[in-house]
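In my numbering, the protein residues as written are 231 to 344.
All C-beta atoms in this analysis are idealised placements derived from N, C-alpha and C, irrespective of residue type, glycine included.
A quick write-up on the structure given underneath.
Below, the structure written as structure tokens:
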């Protein structure tokens with residue numbers, strides 16, 4: 231009978247979060263169409279020798295991504311005006327609610343027609 235010891239549990243947990251972080255990292259690059267540093271440095275499915283070959287300058291890519299995200303947040307926060315709450319509620323009830331109802335009924339119509 232095989233006993234499940236604590237070391238196996240630790241390995242399973244580490245493996246789960248390691249694979250999960252790789253999944254989200256890969257998903258981020260696929261969604262936003264960024265240049266993937268892993269693919270440029272030889273991390274491919276077909277080459278089994280260097281399956282987990284990490285780039286040497288991963289800090290550089292992280293720094294670039296961090297600077298781009300912070301710059302984007304600063305530009306959005308500084309570039310857009312602050313709306314008053316009565317304007318926001320008016321915008322939500324008059325414009326967005328009518329748009330949502332229009333999209334809802336058009337999607338139902340498209341679903342049943344096609």
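DSSP three-state assignment for residue i, whether helix, strand or coil
i           : result
residue 318 : helix
residue 273 : With a pLDDT of 48 at residue 273, under the threshold of 50, the modelled position of that residue is not reliable, and the figure given next carries that caveat. DSSP places residue 273 in coil when its eight states are reduced to three.
residue 310 : coil
residue 344 : coil
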